[in-house]
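Trainee: Submitted below is the structure of interest, expressed as structure tokens.
In my numbering, the protein residues as written are 3 to 575.
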């Protein structure tokens, strides 16, 4: 930087003229620069961190666009005279040039910017622009840019941006299990800030060091994100990797777009779950089979009706959307709430999924994995292959060690003396199961898997029933089932009719009923030992069935289920 002009900070001077493009230099310490800019905005603007993030991303994109557009003097800069004028509340020249740059990128990246102006004061803008103006972002190492922006994204996604964040160990596991190749097209239809896509790019780069990554990003990577602010961060991360910015599409992925269907080899995604509301737009719902009512068929399967539901959870719609996007034989890794894999109400969803794909793997994710990022919902990583597929068994695993605690603090492996274990290069080793599971899955795909434990195991496809959660198929449980079958035990449904229709006794209002809860059953004698006489309208919501002599009641949930203490009783009167 030229040693002339107005003193701007402790170690730099502002120039008298805007820099020439050839004067810009790559940065070796971009993380520190971003941190400094963030701290300045926070101290001088009083903004919330998500607003700071958006303004910083806006300026970074403007700078990148300016670097690629100019041949001589850059426009993204501030001179000493302009800074003096800004201090004197005369910012017209500087703000006019910066506003023109902003208009240019809004036209270039349509749909990403919902605001028309900068939210920062001219003096703050001048500081940030001055801090960045001599850095050549385009020529800064991709690793340095990626690490700097990842750190910046993580800082602003924790807490109030948590719904867009997937923990890195889970992202890494999904990518390692899918194992994307250089010739494959990859999409994340709910890409957030692009974590899965960046990890896929890194995976291809590491396994193919001579490969042209920039061309790969531009030709093979696609992300879709509905939230413009979040899409911006995904776009800039891909630009840092050699993309043009067009790889991220800012739109609602659930709106039908047949041009993209059957186009992708790999999908990696963590869609939004239904706990934040259902999709109720009938124009969207009409395009989805999984947005319709289903009923049992005569053959004990499931049939779809023409009736469209009033609303459907977005994660369910994203399952169908993703299958539509995949080519025949394409692979998908998707994070889903466990309720989709195990709840009775979601049986039609699983039936449809298995009619379209082969289940390659299910990995149970511990609830603490997402706790540092704002939710403790129990989830699993589901890996499927769109038909046709030839595998005859399914890989299953449980993550017992995620590598950090519920506060997000890293947990390291320790030796018998309690000392942190380290690699040959001296780096501490994170204590997680990710590598063991991903390597076991690759062995399974290659037909070489031999391990069989309660944490990592396989299940024959013929043994998969209506549930798909890994906990349902634990090896010890399966051995017990096989033993019971060998001695003649039969499923309850084969020897009794299972009642599922609720009674309408509440219509009686003031009539007295005898109410029995499962806690009124003595498991030792298999008898009902107590009851309550109450008005019909006073019955709790869990009061569901009318009982008759000869009925059998049994607990289907709770800690005692499946043990000798499971409550079961025969109704004798």
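Beta carbons: idealized from backbone N, C-alpha and C, even for Gly.
All of these numbers come straight from a predicted model, not from anything done at the bench.
1. Helix, strand or coil for residue 300? Go by DSSP, reduced to three states.
2. Excluding the 5 residues preceding and the 5 following residue 214 in the sequence, name in chain order all residues of the same chain whose CB lies nearer than 6 Å to its CB.
3. Which residue's Cα is closest to the Cα of residue 433: 446, 448 and 417?
4. Could you please give the first and the last residue of the uninterrupted beta strand (DSSP E) stretch that includes residue 577?
5. To which residues of the same chain is residue 531 closer than 8 Å at the C-beta, ignoring the five residues directly before and after it?
6. Assign residue 145 to one of two classes, buried (16 or more other C-beta atoms within 10 Å of its C-beta) or exposed (fewer than that).
7. Would the beta-carbon of residue 247 fall within 7 Å of that of residue 237?
8. Ignore the nearest five residues each way along the sequence and tell me which others in residue 514's own chain have a CB closer than 6 Å to its CB.
9. With distances taken Cα to Cα, identify the nearest neighbour of residue 86 among 112, 128, 24 and 68.
10. Measure the C-alpha to C-alpha separation of residue 104 and residue 184 and round it to an integer number of angstroms.
11. Where residue 326 and residue 552 are concerned, what is the direct C-alpha to C-alpha distance, given to the nearest angstrom?
12. For residue 512, which residues in the same chain have their Cβ closer than 6 Å to its Cβ, ignoring the five residues on either side in sequence?
13. According to DSSP, what are the bridge partners of residue 388?
14. Alpha carbon to alpha carbon, how far is residue 545 from residue 518?
15. Give me the residue from 66, 130 and 15 with the minimum Cα distance to residue 36.
16. Could you name the residues of the same chain whose beta carbon sits closer than 8 Å to that of residue 263, not counting the 5 residues immediately before and after it, in chain order?
17. For the structure I just gave you, are there three or more beta carbon pairs, one from the segment 330-342 and one from the segment 441-457, closer than 8 Å?
18. Here's the rule: buried if 16 or more other CB atoms are within 10 angstroms of the residue's CB, otherwise exposed. What is residue 242?
19. Can you grab the Cα-Cα spacing for the pair residue 370 / residue 320, in whole Å?
20. Counting Cβ pairs closer than 8 Å, one from the segment 167-178 and one from the segment 136-145, do we hit at least three?
21. Determine the direct distance from the alpha carbon of residue 261 to that of residue 226, and round the result to whole angstroms.
22. Report buried or exposed for residue 555, applying the criterion of at least 16 other Cβ atoms within 10 angstroms of its Cβ.
23. Going by C-alpha to C-alpha distance, which of 560, 548, 354 and 204 sits closest to residue 295?
24. Under 7 Å Cβ to Cβ from residue 1, same chain only, skipping five residues before and after it: list those, please.
25. According to DSSP, which residues form a beta bridge with residue 29?
26. Go ahead and label residue 484 buried or exposed: buried means 16 or more other beta carbons lie within 10 angstroms of its beta carbon, across all protein chains shown.
27. Roughly how many angstroms separate the alpha carbons of residue 390 and residue 449, rounded to a whole number?
28. With a CB to CB cut of under 7 Å and the five nearest residues on each side skipped, what residues in its chain are close to residue 299?
29. Leaving out the 5 sequence neighbours to the left and right, which residues in its chain are closer than 8 Å to residue 74 when beta-carbon positions are compared?
30. Give the straight-line distance between the Cα atoms of residue 268 and residue 206, rounded to the nearest whole angstrom.
31. Between which two residues does the beta strand (DSSP E) containing residue 537 stretch?
32. Helix or strand or just coil, what does DSSP make of residue 335?
33. Can you check whether the CB of residue 49 is closer than 7 Å to the CB of residue 440?
34. Quick check on residue 145: does DSSP put it in helix, strand or coil?
35. Is it a yes or a no for the segment 380-389 touching the segment 407-417, going by three-plus beta-carbon pairs under 8 Å?
Mentor: Let me spell this out:
1. On the chain shown, position 298 is the one that residue 300 refers to. It is coil, neither helix nor strand.
2. The residue labelled residue 214 in the question sits at position 212 within the chain shown. Within the same chain, residue 214 has no close Cβ partners at all.
3. Translated into the one-based positions of the chain shown, residue 433 becomes position 431. Minimum Cα distance to residue 433 is reached at 417.
4. What is shown of the chain runs 3 to 575, which leaves residue 577 out entirely.
5. One-based indexing of the chain shown puts residue 531 at position 529. Contacts found: 522, 523 and 524.
6. Here residue 145 corresponds to residue number 143 of the chain shown, with the count starting at 1. Its Cβ having fewer than 16 others within 10 Å, residue 145 is exposed.
7. Numbered from its first residue, the chain shown carries residue 247 at position 245. Numbered from its first residue, the chain shown carries residue 237 at position 235. The answer is yes: Cβ separation under 7 Å.
8. The sequence position of residue 514 within the chain shown is 512, counting from 1. The answer, listed in chain order, is 535.
9. By one-based count along the chain shown, residue 86 stands at place 84. When only C-alpha atoms are compared, the closest one is 128.
10. Start at 1 with the first residue of the chain shown, and residue 104 comes out as number 102. Start at 1 with the first residue of the chain shown, and residue 184 comes out as number 182. Distance between the alpha carbons of residue 104 and residue 184: 35 Å.
11. Numbered from 1 along the chain shown, position 324 holds the residue referred to as residue 326. Numbered from 1 along the chain shown, position 550 holds the residue referred to as residue 552. Roughly 49 Å between the two C-alpha positions.
12. On the chain shown, residue 512 is found 510 positions in, with the first residue counted as 1. Within the same chain, residue 512 has close Cβ partners 537.
13. In the chain shown, residue 388 corresponds to position 386, counting from 1. The partner list for residue 388 (beta bridge, DSSP) reads 359.
14. The residue labelled residue 545 in the question sits at position 543 within the chain shown. The residue labelled residue 518 in the question sits at position 516 within the chain shown. Those two C-alpha atoms are separated by around 8 Å.
15. Translated into the one-based positions of the chain shown, residue 36 becomes position 34. Comparing Cα-Cα distances from residue 36 to each of 66, 130 and 15, the minimum goes to 130.
16. As a working mapping, residue 263 is identified with position 261 in the chain shown. Closer than 8 Å at the Cβ level, and outside the excluded window around residue 263, lie 326 and 327.
17. no
18. Taking the first residue of the chain shown as 1, we reach residue 242 at position 240. Label assigned to residue 242: buried.
19. The residue given as residue 370 occupies position 368 in the chain shown. The residue given as residue 320 occupies position 318 in the chain shown. Cα to Cα, the separation comes out at about 24 Å.
20. no
21. One-based indexing of the chain shown puts residue 226 at position 224. One-based indexing of the chain shown puts residue 261 at position 259. The straight-line gap from Cα to Cα measures roughly 14 Å.
22. Locating residue 555 in the chain shown gives position 553, counting from the first residue. The residue is buried, with at least 16 neighbouring Cβ atoms inside 10 Å.
23. As a first step, residue 295 must be located in the chain shown, where it is residue number 293. Checked all of 560, 548, 354 and 204; the closest Cα to residue 295 is 354.
24. Here the chain comprises residues numbered 3 to 575, so residue 1 is not present and cannot be evaluated.
25. The residue given as residue 29 occupies position 27 in the chain shown. Note: residue 29 sits in no beta bridge, so no partner.
26. The sequence position of residue 484 within the chain shown is 482, counting from 1. With fewer than 16 Cβ atoms within 10 Å of its Cβ, residue 484 is classed as exposed.
27. Taking the first residue of the chain shown as 1, we reach residue 390 at position 388. Taking the first residue of the chain shown as 1, we reach residue 449 at position 447. Roughly 18 Å between the two C-alpha positions.
28. Reading the chain shown from its first residue, position 297 is the one you call residue 299. Around residue 299: 305.
29. Against the chain shown, residue 74 aligns to sequence position 72. Within the same chain, residue 74 has close Cβ partners 22 and 23.
30. For the purposes of this step, residue 268 is taken as the residue at position 266 of the chain shown. For the purposes of this step, residue 206 is taken as the residue at position 204 of the chain shown. So the alpha carbons of these two residues sit roughly 13 Å apart.
31. Here the question's residue 537 lines up with position 535 in the chain shown. Counting along the chain, the beta strand (DSSP E) containing residue 537 begins and ends at 534-537.
32. Position 333 of the chain shown holds residue 335. DSSP places residue 335 in strand when its eight states are reduced to three.
33. Walking along the chain shown from the start, residue 440 turns up at place 438. Walking along the chain shown from the start, residue 49 turns up at place 47. Not closer than 7 Å, so no.
34. Numbered from its first residue, the chain shown carries residue 145 at position 143. Of the three classes helix, strand and coil, the one that applies to residue 145 here is helix, per DSSP.
35. no
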